[in-house]
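Enquirer: I have a structure I would like to understand better, so I am pasting it below and will then ask my questions one at a time.
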Amino acid sequence: PTTGQTFRDTHRRSTPTTSMLTIAGNAILGQHFGTQTSEFHLPVPIQECTKAGGCTSKATTVTIDSNWRWTHETGTTKNCYTGNVWDPQFCPNNDPATCTSNCAVDGVDEKTWKETYGVVGDSKGGLNMSFVTNGTYSRNVGGRTYLMDTEDTYMKFKLLNKEFTFDVDVSNMPCGLNGAVYFVEMDADGG
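Note that the numbering used here has the sequence shown beginning at 1251, numbered continuously upward.
Right under this line is the structure:
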């Protein structure tokens, strides 16, 4: 029998939102892990189905792209990146090696998912993403999340002769926005 994977994601909000789950990954080679905020992966279960055995739920989670995370000097709370500019004190000439040596990328805790990034899970296992979120210290626009297989590895999909389904409620999505899922080939550990 053919094995299929089903990822059911239902979006229902009364405010304009964008519903997007990006399944991809970026490697941060040699990057320091921040210690200011503990990492929390938001639960988003999926179902794996077979013709013979029906569907079973799998407890998966999502993490947010490093581009949306707080980057600060290692061991302090001084920002390495403010607005759209790398701080030359920590990243002279925007040199990647120096930046990774001087800066840390911090975790995202459960509270920050909603208050900073506008990302929340719902009671049906869905994921709701606001396109614009006005947080305490920032205004966040957009976001990319990645489906995790384990605490440390991204979900790998082998879709040959399999079905993948994904539901997006676009009834409250403003004109010009995209609610989509993307696949990028990568190593499970991000490379």
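In this text, a Cβ means the ideal position worked out from N, Cα and C, and glycines have one as well.
The structure displayed is predicted, hence computed values, not measured ones.
Compute the Euclidean distance between the alpha carbons of Asn-1329 and Thr-1383, then round it to the nearest angstrom.
Expert: Roughly 20 Å separates the two Cα atoms.
Enquirer: I'd like the span of the alpha helix (DSSP H) that includes Ala-1438, first residue to last.
Expert: Run containing Ala-1438: none; DSSP gives neither H nor E here.
Enquirer: Which residue from Pro-1424, Ala-1438, Asp-1417 puts its Cα closest to that of Val-1431?
Expert: The candidate whose alpha carbon is nearest that of Val-1431 is Asp-1417.
Enquirer: Using three-state DSSP, classify Cys-1364 as helix, strand or coil.
Expert: Correcting the residue type first, residue 1364 is Lys in the shown sequence and not Cys. It is helical.
Enquirer: Give me the DSSP bridge partner(s) of Gly-1304.
Expert: In DSSP, Gly-1304 forms a bridge with Thr-1300.
Enquirer: How should Asn-1344 be labelled, buried or exposed, when 16 other C-beta atoms within 10 angstroms of its C-beta is the threshold for buried?
Expert: Classification of Asn-1344: exposed, given that the 10 Å Cβ count is below 16.
Enquirer: Rounding to the nearest angstrom, what Cα-Cα distance links Tyr-1404 and Phe-1433 in this structure?
Expert: The alpha-carbon atoms of Tyr-1404 and Phe-1433 are separated by roughly 12 Å.
Enquirer: From what residue to what residue does the beta strand (DSSP E) around Ala-1354 run?
Expert: 1353-1355 is the span of the beta strand (DSSP E), which, as asked, contains Ala-1354.
Enquirer: Contact check, Gly-1368 vs Ser-1288 under 8 Å by CB: the rounded distance?
Expert: Going by Cβ atoms, the distance from Gly-1368 to Ser-1288 rounds to 20 Å, so no, they are not a contact pair.
Enquirer: Taking only the alpha-carbon atoms, compute the straight-line gap between Ser-1324 and His-1282 and give it to the nearest angstrom.
Expert: Reading off the sequence shown, one finds Thr at residue 1324, where the question assumed Ser. Distance between the alpha carbons of Thr-1324 and His-1282 is about 7 Å.
Enquirer: For Asp-1337, collect the residues of the same chain with a Cβ closer than 6 Å to its Cβ; drop the 5 residues on either side in sequence, then sort them by chain order.
Expert: Around Asp-1337: Cys-1330.
Enquirer: Using the Cα positions of Gly-1385 and Val-1420, report the straight-line distance between them to the nearest angstrom.
Expert: Going from the Cα of Gly-1385 to the Cα of Val-1420 covers about 24 Å.
Enquirer: Would you mind stating whether Thr-1313 and Met-1398 have Cβ atoms separated by less than 7 Å?
Expert: Yes, these two residues count as a Cβ contact at 7 Å.
Enquirer: So what does DSSP say about Ser-1342, is it helix, strand or coil?
Expert: Correcting the residue identity first, residue 1342 is Pro in this sequence and not Ser. Three-state DSSP puts Pro-1342 in a helix.
Enquirer: For the beta strand (DSSP E) containing His-1322, list its first residue and its last residue.
Expert: Per DSSP, His-1322 belongs to the beta strand (DSSP E) from 1321-1323.
Enquirer: Reducing DSSP to helix, strand and coil, say where Thr-1348 ends up.
Expert: In this structure, Thr-1348 counts as helix in the three-state DSSP scheme.
Enquirer: Based on the DSSP output, what are the partners of Asn-1390 in its beta bridges?
Expert: The partner list for Asn-1390 (beta bridge, DSSP) reads Thr-1383.
Enquirer: If you draw a straight line from the C-alpha of Arg-1319 to the C-alpha of Asn-1334, how long is it?
Expert: Approximately 13 Å, taken between the alpha carbons.
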